[in-house]
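Student:
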Amino acid sequence: AQELLTKMTEKCFKKCINKPGTSLDSSEQKCIAMCMDRYMDSWNLVSRTYSSRIQ
Amino acid sequence: AQELLTKMTEKCFKKCINKPGTSLDSSEQKCIAMCMDRYMDSWNLVSRTYSSRIQ
Amino acid sequence: AQELLTKMTEKCFKKCINKPGTSLDSSEQKCIAMCMDRYMDSWNLVSRTYSSRIQ
Amino acid sequence: KQKAQFQAQIHEFNSFCWDKCIEKPGAKLDSRTETCITNCVERFIDTSLLITNRFAQMLEKGGGMH
Amino acid sequence: KQKAQFQAQIHEFNSFCWDKCIEKPGAKLDSRTETCITNCVERFIDTSLLITNRFAQMLEKGGGMH
Amino acid sequence: KQKAQFQAQIHEFNSFCWDKCIEKPGAKLDSRTETCITNCVERFIDTSLLITNRFAQMLEKGGGMH
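Residue numbers (our numbering), protein chains in the order written: chain P, 36 to 90; chain Y, 36 to 90; chain S, 36 to 90; chain A, 24 to 89; chain B, 24 to 89; chain F, 24 to 89.
In structure tokens:
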């Protein structure tokens, strides 16, 4: 899962943190949690799509 | 040639497929074929340039 | 230091060479030297920040 | 080993199609985004096959890289 | 080996935060740029921890990847 | 092994200079694009040499990374 965690950190930082401040504020934290859920949704969808294609 | 095929796929998808649809239409296919030819032209040119430089 | 040299070359080419010409002109050379110094300043700052965080 | 390769492919597709299809992550994947991701993966595979086959033909004809 | 991993992390952070914080390299790192880099590294680590902890919780609850 | 390294360099240069020089792939590489690619590769090598030499000088003087 290391690769997944690394990619999510990079992608969600880019989407959620525009100007890095002195701490993660609550809206940034919410955005990161949501982004993480969507990234995993997308991962599952990609996995299903690819699986059905190569069968 | 694996590295070349991987890079061409990524670069030519980016150049030729703006909104991915339900199939590759004929203009997208033509664009990909042309992009692939140019990518290989460029590869050959880079190879010649680099070779003559390091000799 | 290979990784550092590779990254600096890429980052500083992007910052300093807008349209590659028939040689590196003196303003491009100055820009690259300055960019290289700032990249190492930044590397040192990142290193200190990360070190103090994981202690 | 094959499973590792499969997973590596999914990471690559997901990273690529995320950048293509996700503007701002929302409360769920809406159907438009789902369609975009599915089509992106399918067309990426099509593109890869097209390029691989065409490249194989070129090699047979002895053309291509010099 | 641990030292190599530490160095690899610094290369990754520096590359990422350079793109985020440096517009045009100047005669020195001004204080605004320094603050941007420091905050960028700190928030990147925070983001990584937040995601890793939340992911661990999901795994415990048996959710997540299917 | 040396040949693999040479090929890896070409892949890297080609990927980098493609993004720099190719807007929209056309029916052939026109002379302007060819010049752009050649200059891009040459200047990339110059930049790399400049940085490597300057770095070596810094190390000799004992400066640089702390």
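For every residue, glycine included, the Cβ atom is placed at its ideal position computed from N, Cα and C.
#1: Flag Gln-64(S) as yes if its beta-carbon sits less than 8 Å from any beta-carbon of chain F, otherwise no.
#2: Using Cβ-Cβ distances below 8 Å, what residues of the stretch 56-67 of chain B are close to chain P?
#3: Just how far apart, CA to CA, sit Cys-51(Y) and Asp-42(F)?
#4: State the CB to CB distance for the pair Phe-36(F) and Tyr-85(Y), rounded to an integer number of angstroms; the pair is presumed to be in contact (CB under 8 Å).
#5: Using a Cβ-Cβ cut-off of less than 9 Å, give me the residues of the stretch 69-82 of chain P that come near chain A, in sequence order.
#6: Does the Cβ-Cβ distance between Arg-73(S) and Ile-45(B) come in under 8 Å?
#7: Go through its chain and collect everything with a Cβ distance to Ile-67(P)'s Cβ below 7 Å, but skip five positions before and after it.
#8: Within 8 Å (strictly less), CB to CB, does Leu-72(B) reach chain S?
#9: Does DSSP put Leu-52(F) in a helix, a strand or coil?
#10: Can you tell me the Cα-Cα spacing of Asp-69(F) and Lys-54(P), whole angstroms?
#11: For a quick check, are the C-beta atoms of Asp-76(S) and Leu-72(B) less than 8 Å apart?
#12: So within the stretch 47-89 of chain P, which uninterrupted alpha helix (DSSP H) runs reach at least 4 residues, ignoring any that extend past its ends?
#13: Since I believe Ile-60(B) is in contact with Thr-44(P) (beta carbons under 8 Å), could you give me their beta-carbon distance rounded to a whole number of angstroms?
#14: Determine the direct distance from the alpha carbon of Met-81(A) to that of Asn-79(S), and round the result to whole angstroms.
#15: Nearest CA to the CA of Ser-38(F): which residue from Thr-41(Y), Gln-64(Y) and Ser-61(Y)?
#16: Which chain A residues sit within Cβ distance under 7 Å of Thr-84(Y)?
Tutor: Taking the definition as stated:
#1: yes
#2: Cys-59, Asn-62, Cys-63, Glu-65, Arg-66 and Phe-67
#3: 14 Å
#4: 6 Å
#5: The stretch 69-82 of chain P vs chain A, Cβ under 9 Å: Met-69, Cys-70, Met-71, Asp-72, Arg-73, Tyr-74, Asp-76, Ser-77, Trp-78, Leu-80, Val-81 and Ser-82.
#6: yes
#7: Correct list, in chain order: Cys-47 and Cys-51.
#8: no
#9: coil
#10: 35 Å
#11: no
#12: 61-89
#13: The beta carbons of Thr-44(P) and Ile-60(B) sit about 17 Å from each other, so the pair does not count as a contact at 8 Å.
#14: 50 Å
#15: Thr-41(Y)
#16: Correct list: empty, because the minimum Cβ distance to chain A is about 13 Å.
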